[in-house]
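Taking UniProt numbering, I'd label the letters of the sequence shown as residues 1 to 440.
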Amino acid sequence: MELLGDTLQKIAREKAGIMKPGTPVLVAPQEPEAMDALKEVAARVGAHLVQPPRLELYHLGSSATTAGIVTTRLRLQQQGTSTNGTTAKDSDPEVVVGIGGEHMRVNAALAVALAAEWEAQYGATAATPSAVEPAVAAARAATVRSLALTPEYATGLRTVRWPGRSQVLHDDVAATQGGRLTFYLDGAHTPESMAVCAAWFTGEVQAAEKAAGGGGEGNADGDAQHSHRRRRRRRHAAVLLFNCMKERDPAVLLPALAGALSAARQTDSQLGFEPPLAAAVFTPMLSGNGVLLPSYDGKQLQQPQSATVVPSTDLTWQFRMRNVWDSLPHPQPRSNTTAVVAAAVAEAPVAATVAKPPVARGLRAGVTVGSGTGGWSVSGCDSVRLYGLPYSSVGESLPAVLEALRAAAVADPWVHVHVLVTGSLYLVGDMLRLLNKPPL
């Protein structure tokens, strides 16, 4: 904001500084005020502003039938006519993008158009890499511009990866102990990206529920006991793991995230989790202030990271974030209880079924009212949906939080724990390293 401006128009005009006379400028869909600013600069500079086709307009394959559909789509689009009902989904398989979320499909459409423009321009001047014939590049660009994705483009979209953005990782450590723990990592750190991240996360969790046969309906013969067992197998719990840089305002980010999670949540109790979040954890990052954790080669982290003892940390910032979160309207009633649960490891046996909540690994047995050091400061409701994890808490270290999350997943094999890690790319990068999945 200090460099680009404090409004969409100002930011758009600054970014439009890249425009050059006679050069095409590819622009993804924008808010009206931002698009108006871009059009204004393009007209003044003499650049050609182009909004690429939506990804749904492309098709795979080159049969005469699909070619006819493409011609129709292209003509309608050029005429400014709505193409709703004339999309690739009507006759072709959906174009697959390796990164989840509708916003990534928007980005993918822009990438396709940009690559085709590059091949069209530089294929004609023989400036393509030596491995690519200029004529081949130009022909491929022409094919893509006709809304037909070539195998190279389709493969690129399908295999694309972006660590820390809409990334899903299943935790192998919890799985080896019978738990089901999945991390959803996205470095969103603005109110707008918070909303997009929430929609992506909710969609992913609901898809996981459906894939697991989620729902509360009993079986056809009305066997109540069997129905109860089926419901237990389908339990899912969502957890928020959050931190943001001090340059950001949690009083702006967290309401945006909470509101988007509530809006995106499936209202049908057969599909959605109740409440939207079972727990929220706020913890310091290991990186930050210009310091990054080292990038490992995969051999240096043969053993999973554990909740090692770390020096005492100032948690004032984390308490502020937790207080903001607690002040927001939530569907789950809360009490004024404040407690401290130490982060020392306490082993507990894990059974195939859990009749009585065991002591979660990673958390010391018992709760002490008051405040303390070297542990977890927690507040929230008396009824905790995940063993060892209260409704909202502050963790002293990220490794300790990871151990507690694994403990909660292992404690009840009937529950699939879904953890949204967001608020900062530093936090996401640190978690990737602790999971032995470094981004580099």
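C-beta atoms are modelled at their ideal positions from N, C-alpha and C, and glycine is treated no differently.
As the structure is a computational prediction, the values presented were derived from the model and not from experiment.
Give the secondary structure of Q51 by DSSP, where H, G and I count as helix, E and B as strand, and everything else as coil.
coil
Local conformation of A280 per DSSP, three classes:
strand
What residue range does the alpha helix (DSSP H) around P151 cover?
151-159
Can you tell me whether DSSP reads T23 as helix, strand or coil?
coil
Could you give the residue range of the beta strand (DSSP E) that holds Q30?
Note, Q30: premise wrong, no beta strand (DSSP E); not H, not E.
Give me the Cβ distance between A120 and H59, rounded to the nearest whole Å; I'm assuming they're in contact under 8 Å.
Wrong, their Cβ atoms sit about 19 Å apart, outside the cutoff.
Restricting to runs no shorter than 4 residues, where is the alpha helix (DSSP H) found entirely within the segment 160-203?
172-176
Beta-ladder partner(s) of T422, from DSSP
F242
Short of 7 Å in beta carbon distance, which residues of its chain neighbour T143, apart from the five on each side in sequence? Order them along the chain.
T150
As assigned by DSSP and simplified to three states, the class of R248:
coil
Report the option in R158, E33, A28, A188 whose CA atom is closest to the CA atom of V106.
A28
Report the rounded CA-to-CA distance for E56 versus T316, giving the unit in angstroms.
47 Å
Does DSSP put S392 in a helix, a strand or coil?
strand
Nearest-angstrom Cα distance between K10 and T202?
32 Å
Hey, out of A279, H418, T313, whose CA is closest to W325's CA?
A279
Less than 8 Å between C-beta atoms, sequence neighbours within five positions excluded: which residues of the same chain meet that for G100?
S166, V168, W200, G203, E204
Whose C-alpha, out of S393, M19, V239, is nearest the C-alpha of A47?
M19
Under 8 Å by Cβ, that's how I've got V196 and A188 pegged, so tell me the actual separation to the nearest angstrom.
7 Å
Who pairs with L60 in a beta bridge, going by DSSP?
L149
In whole angstroms, give me the CA-to-CA distance for R161 and A116.
20 Å
Relative to the C-alpha of R158, which candidate in A411, A198, V112, R145 has its C-alpha closest?
V112
Between the alpha carbons of A154 and H418, how many angstroms are there, rounded?
30 Å
Could you tell me the distance, in whole angstroms, from the CA atom of I69 to the CA atom of A109?
The predicted model places I69 with a pLDDT of 38, which falls under 50 and marks its position as unreliable; any figure quoted below should be read in that light. Rounded to whole angstroms, I69 to A109 spans 19 Å at the Cα level.
Pick from V41, P53, E152, T190: whose alpha carbon is nearest that of T422?
T190
Look at the alpha carbon of P439 and the alpha carbon of Y426, and state the distance between them as a whole number of angstroms.
11 Å
Got a sec? Which residues, its chain only, sit under 6 Å from A16 by beta carbon, not counting five neighbours each side?
L38, V41
Identify, in the order they occur along the chain, each residue of the same chain with its Cβ nearer than 6 Å to the Cβ of V281, setting aside the five sequence neighbours on each side.
L241, S393, G395, V401
Where V417 falls: helix, strand or coil (DSSP)
strand
Does DSSP put L212 in a helix, in a strand, or in coil?
Note that residue 212 corresponds to Ala in the displayed sequence, not to Leu. Three-state DSSP puts A212 in coil, outside helix and strand.
For L402, which of helix, strand or coil comes out of DSSP?
helix
Since L386 sits in a beta bridge, which residues does DSSP pair it with?
L389
Going straight from the alpha carbon of G164 to that of R44, what length do you get?
38 Å
Alpha helix (DSSP H) containing T7: first to last residue?
Taken as a continuous stretch (DSSP letters only), T7 belongs to no alpha helix (DSSP H), as it is neither H nor E.
Based on DSSP bridge pairs, tell me the residues matched to R235.
V415
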